[in-house]
Ligand code: RB5
């Protein structure tokens, strides 16, 4: 079973638990917290997921906060990480095809449950197109 690193702040805690239950038997989750709805700081959890993916503990990750914005900004500070905050299925498809995104960010306060599941299914099952898109990804790391 594919291992997926998953992390959230308090804004994403309920959705993280629902996702783990919904995909049990399909994915193995490396749960990096948070483990309660108590208030925490999203950078710690974005960074934990980014490190797990960067170190190869999981090929892909899911990060969740209230908007998906703060936690994706935190994860994207690592050059190996391409975290995409998706609010619909088209974004999920295109960020896999064009950006080879390795972490999916979700905003638990912005999207419904069915939309979240559709986004996750699309993100996990769409292949990177490579070609000109691979060159652009190389440029992102080379130019800083
Ligand atoms: C926490 O209240 C909230 O700021 C956080 O979950 C996230 O939306 C930040 O970008």
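In the working numbering, the protein residues as written are 26 to 169.
Just so it is clear, CB atoms sit at the ideal spot from N, CA and C, and this is done for glycine as well.
Since we're looking at a predicted model, the values are computed, not measured.
For residue i and residue j, which I take to be in contact (beta-carbon distance under 8 Å), what is that distance rounded to the nearest angstrom?
| i | j | result |
| --- | --- | --- |
| residue 119 | residue 87 | Wrong, their Cβ atoms sit about 18 Å apart, outside the cutoff. |
| residue 27 | residue 84 | 7 Å |
| residue 78 | residue 126 | Wrong, their Cβ atoms sit about 11 Å apart, outside the cutoff. |
| residue 117 | residue 142 | Wrong, their Cβ atoms sit about 11 Å apart, outside the cutoff. |
| residue 96 | residue 89 | 7 Å |
Taking its Cβ as the centre, do 16 or more other Cβ atoms sit within 10 Å of residue i, making it buried, or is it exposed?
| i | result |
| --- | --- |
| residue 159 | exposed |
| residue 152 | exposed |
| residue 121 | buried |
| residue 155 | exposed |
| residue 115 | exposed |
| residue 129 | buried |
| residue 34 | buried |
| residue 46 | exposed |
| residue 41 | buried |
Counting along the chain, where does the beta strand (DSSP E) carrying residue i start and finish?
| i | result |
| --- | --- |
| residue 12 | The question about residue 12 has no answer here: the residues shown for the chain are numbered 26 through 169. |
- Which runs of the alpha helix (DSSP H) fall wholly inside the stretch 33-94 and span at least 4 residues, in chain order? 38-47, 67-79
- Item | Completely contained beta strand (DSSP E) runs for the stretch 122-166, where each covers 3 or more residues | 128-132
- Message: With three or more beta-carbon pairs closer than 8 Å as the criterion, would you say the stretch 91-109 touches the stretch 52-60?
- Response: no
- Message: Three Cβ pairs or more, each shorter than 8 Å: is that satisfied between the stretch 73-81 and the stretch 109-123?
- Response: no
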